Amino acid sequence: MNIAILGCGEVGLLYARAFSAAGHRILCCDPNPRPAATAFCAEFGLPLFESVGPWLQEAEAVMSCVFGSLSLSLAEAALPHMRTSALFADMTTCDPDDIRLAARAAAERGPDYADIAIMGAIALSGLKTSLLAAGTGSAMAATIFASIDAPIKVIDGVAGDAAAIKILRSIFTKGVEALAVECLLAAQENGVMDRLFDALGDIDANPLRETLEAFVRTHAVHAPRRLKEVEEAERQLHKVGLPSDVLPGVRARFQRTCDAMTRGPIGIPNPTANEALAWLRADIARDASQDL
């Protein structure tokens, strides 16, 4: 299969090498290629185009691996040059609405469109990084990625859904990352790193979903007490001279819930996660309506 790679940075070059090794013919495109991309194309005698154009007629699949801010404009520029039977797969991290607009443009011109979300760090996991696919071209994309043994899961949804899930995942993973930085800096400062990890041992004792849902359902009941713990944690960081960028936001979230309890408690002693979320969402809506 002829596969065009648009954007030959870390992601594009990783998959270009793998597809080439699997026997696919690669067409690379990058207006400002890094030395690694130039060397790759030179080594295997592959074309390296500076921009999209009629040459895309050769491609049966086009993989967009550029920065998310370029996602929509690149798709709109590439689609007119593609075969109507070809696949356009967007692997960028961008606004899900941009993915939906690009998918609509693809539907008008003929090519199938796949929204491919990279669900992890390519730098850490390489080709073993999990992929999530949605859109009319997701089945075809899954077949192509299966040729390099890349783990890919097709979800029941439209283009944009995979990108949305990735962004939501980032709320959790990047938030935990920031908290880990602050927490471990403080643990090191206090000389209790190993003992802290022992104390955190119960966090992953249960499946992640159970843990997160337990946080949410008990948050709606115990936010006032936990707010005091957050305030004390913030004081301890300041006490040892460490700045906190994350805990002020955590404190604000707990304070918002405490304010909601003052306006109208949830009224359920042991709410489910869905009941707690519904109550929190209703309070946000009520608060917003009062500001109008």
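The opening position of the sequence shown corresponds to residue 758 in the working numbering, with each subsequent residue numbered one higher.
C-beta atoms are modelled at their ideal positions from N, C-alpha and C, and glycine is treated no differently.
From a predicted model like this one, the values you see are computed outputs, not experimental measurements.
Check                                                                                                                                                                     : Outcome
Considering S821, what are the terminal residues of the beta strand (DSSP E) in which it resides?                                                                         : A818 to S821
Excluding the 5 residues preceding and the 5 following D1002 in the sequence, name in chain order all residues of the same chain whose CB lies nearer than 8 Å to its CB. : A935 and E939
Evaluate the contact criterion for the segment 1006-1016 versus the segment 982-996: three or more CB pairs, one atom per stretch, below 8 Å.                             : yes
Classify R840 as helix, strand or coil using the three-state DSSP reduction.                                                                                              : coil
Rounding to the nearest angstrom, what Cα-Cα distance links I1023 and A971 in this structure?                                                                             : 16 Å
State the start and end residues of the unbroken beta strand (DSSP E) segment that holds D854.                                                                            : D854 -> not in any beta strand (DSSP E); alpha helix (DSSP H) instead, spanning P853 to R866.
Taking a contact to mean a Cβ-Cβ separation below 8 Å, would you say A919 touches A890 in this structure?                                                                 : yes
One question on the structure: do R866 and L844 come within less than 8 Å of each other, judged by their Cβ atoms?                                                        : no
Use the C-beta contact count for L925: other C-beta atoms within 10 angstroms, 16 or more gives buried, fewer gives exposed.                                              : exposed
Keeping to the same chain, check which residues put their C-beta closer than 7 Å to that of A793; ignore five residues upstream and five downstream.                      : L770
Measuring straight from C-alpha to C-alpha, what distance separates N1027 and P853?                                                                                       : 35 Å
Go ahead and pull the three-state DSSP assignment for N759.                                                                                                               : strand
Based on DSSP bridge pairs, tell me the residues matched to D872.                                                                                                         : D847 and A891
By the DSSP assignment, the alpha helix (DSSP H) with I924 in it spans what residues?                                                                                     : D918 to N947
Could you check if K996 is buried or exposed, using at least 16 other CB atoms within 10 Å of its CB as the buried criterion?                                             : exposed
Would you mind giving the Cβ-Cβ distance between D855 and D872, rounded to the nearest angstrom? I have them listed as a contact below 8 Å.                               : So it is not a contact: roughly 10 Å between Cβ atoms.
With DSSP as the reference, please indicate the residues paired to V911 in a beta bridge.                                                                                 : A890
Would you identify the three-state DSSP class for R791, choosing helix, strand or coil?                                                                                   : coil
Less than 8 Å between C-beta atoms, sequence neighbours within five positions excluded: which residues of the same chain meet that for G932?                              : V1003
For a test of the three-state rule: what should DSSP assign to L784, helix, strand or coil?                                                                               : strand
Is V949 buried or exposed, if buried means 16 or more other CB atoms sit within 10 Å of its CB?                                                                           : exposed
Quick check: the Cα distance between P1005 and A943, rounded to an integer number of angstroms?                                                                           : 16 Å
Given this structure, state the Cα-to-Cα distance separating H979 from A1033, to the nearest angstrom.                                                                    : 12 Å
What whole-angstrom Cβ distance do A816 and I760 have, given they're in contact under 8 Å?                                                                                : 7 Å
For C798, which residues from the same chain have a beta carbon less than 6 Å from its beta carbon, with the 5 sequence-adjacent residues on both sides left out?         : C785 and L805
Consult DSSP for F1011 and reduce its assignment to one of helix, strand or coil.                                                                                         : helix
Is P788 buried or exposed, if buried means 16 or more other CB atoms sit within 10 Å of its CB?                                                                           : exposed
Answer with buried or exposed for A832, where buried requires no fewer than 16 other C-beta atoms within 10 angstroms of its C-beta.                                      : buried
Do A1035 and V973 have their C-beta atoms within less than 8 Å of each other?                                                                                             : no
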